[in-house]
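Under the numbering used here, the first residue of the sequence shown is numbered 591, with each subsequent residue one higher.
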Amino acid sequence: MSQVTEITRDELRQHPFMSDRRMVEKAYLLANGMVKVHGYEKEQAIGLALKLARNWFKTNGEYTIKLK
Numbered sequence: 591m592s593q594v595t596e597i598t599r600d601e602l603r604q605h606p607f608m609s610d611r612r613m614v615e616k617a618y619l620l621a622n623g624m625v626k627v628h629g630y631e632k633e634q635a636i637g638l639a640l641k642l643a644r645n646w647f648k649t650n651g652e653y654t655i656k657l658k
């Protein structure tokens, strides 16, 4: 069994457009859920979480992007 590594808020703050504290928190929760619950690889989870968090705030709290 592989060791699960938690994604930190600092890692997410390093990405473009992630200076907003609320955006970082949303992406943090999404990314760690993808890794810990769904088994995504860390980098894949970060990329998807950033995309989902941006979309969530842009659409006033709705998820319009569906993961396959």
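Cβ coordinates follow ideal geometry from the N, Cα and C atoms, glycine included.
Keep in mind it's a predicted model, so treat the numbers as computed, not measured.
Output yes or no for whether 7 Å exceeds the beta carbon distance between residue i and residue j.
i, j, result
"alanine 635", "alanine 617", "no"
"lysine 632", "threonine 595", "yes"
By the 10 Å Cβ neighbour count, where 16 or more other Cβ atoms means buried, how is residue i classified, buried or exposed?
i, result
"asparagine 622", "buried"
"leucine 602", "buried"
"leucine 620", "buried"
"valine 627", "exposed"
Smallest Cα separation from residue i: which of the options?
i, options, result
"glycine 651", "His605, Met613, Glu596, Asp600", "Met613"
"proline 606", "Phe647, Tyr630, Lys641", "Lys641"
"asparagine 645", "Gly629, Asp600, Met608", "Met608"
Whole alpha helix (DSSP H) runs in the region 602-647 with 4 or more residues, listed along the chain? Counting only runs of 4 or more residues that sit fully inside the region 602-647, the alpha helix (DSSP H) segments are 611-626, in chain order.
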